[in-house]
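Input: a single structure, listed below in structure tokens.
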Amino acid sequence: MDYGKILVRAFEITRTHRALWVFGVLLALFGGGGTNFNPGNFGGGNGGTGRGNSEFPSIAPGMQQAILAIVLALICFVVIWFVLSIILRFVSRAALIGQVHELETQGTLPAVRQGFSLGAARFWSLLGIALTINIPLALVSLILILVAALPILVTVIPLISAGQRSPDQLVGVVLAGLGSTFVLICCVVILLSAISFVVYPFYEFITRACVIGKRGVMDSIREGYRIVRANLGNVAVLYILAIGIGIAFGGWWERGIDLLASKLGWWRNRGWRDPGSPGDRGDCVHQWLVSNV
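To convert a position in the sequence shown, counted from 1, into this note's numbering, add 767.
Below is the structure:
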């Protein structure tokens, strides 16, 4: 396999057919998992030492309704964004894979409308594949995390139910539990990272078997597994190249944006900084190349 020709062809397709850019950007924006909604921490302690200042101020009925409406609107927005991200993630992935395949095999030029149609046709199958793979992995991760937390739980729960103990005993038991839990959590993180590293190539070829072969969930999983097993060396090399390309493009975008910001006088002393953009754009190019490969 000529990896140089594969990469050159991937760059050529990415540069020439701009209809694929739409799906690359969508996949970069929505491909990184679900929406993380962090409302922040709200302090619940007393604001001062006086007893009269510790009472929570009363809120007018009209203000309560306004706050409730804002909270409900935010919840609806988060739910809609989460659902939309799932839909666009799988539709964009299928559009990239399907249109590149049609371009290479039939000479059909990519088009935005055609890509959305192709992606919508394979959405439910890709969603089924993601659930079939991710739900067992999530359960395994949860079990491993709970096992890693057992030492601290085993040491803290008896302390709560037991009577008085000397401070030296309490500190020694808690430190022992924390140390054991920390070591186990580090081991769990390494293990889960290794599992993710192994599963990812299989997942990529499973999705391709689904989109290109128009297969169902289980047939796609079996076909993707067969392809990876039959071409293990080539898959490993392509996977390493894809990771390197993603890292390289992320660094290039970082340097380019920093240079542009310095030229325009928007440097860090102006407070302008977009830490997510280089990674998102690097991921965008990385997804294009992976799809093209």
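For glycine and all other residues, C-beta sits at the position ideal for the given N, C-alpha and C.
Asked	Found
At least three beta-carbon pairs within less than 8 Å, the region 895 to 914 to the region 871 to 878	no
L839 versus A795: straight-line alpha-carbon distance, rounded	28 Å
Reduced DSSP category for L959 - H, G, I as helix; E, B as strand; rest coil	helix
Nearest residue (CA-CA) to T899, options G983, V846, E869 and A888	G983
C-beta contact flag for F951 and P918 at 8 Å	It is worth fixing the name first, because residue 951 is Leu in this sequence and not Phe. Yes, Cβ-Cβ distance for L951 and P918 is below 8 Å.
Closest by C-alpha distance to L911, when choosing among R993, I962, A862 and Y992	I962
Option in I864, L893 and S892 with minimal Cα separation from Q881	I864
Inter-residue Cα distance where the pair is V1002 and P968	7 Å
Candidates G1000, R782 and F849, of which the one nearest V867 by Cα	R782
Reduced DSSP secondary structure (H/G/I, E/B, other) of K772	helix
Residues near V1004 by beta carbon distance below 7 Å, same chain, minus five either side	Y770
Burial state of F857, where buried means 16 or more other Cβ atoms lie within 10 Å	buried
Bounding residues of the alpha helix (DSSP H) (the contiguous stretch that carries L787)	A786 to F797
When I1012, G886 and S947 are compared against L913, the one with the closest alpha-carbon	S947
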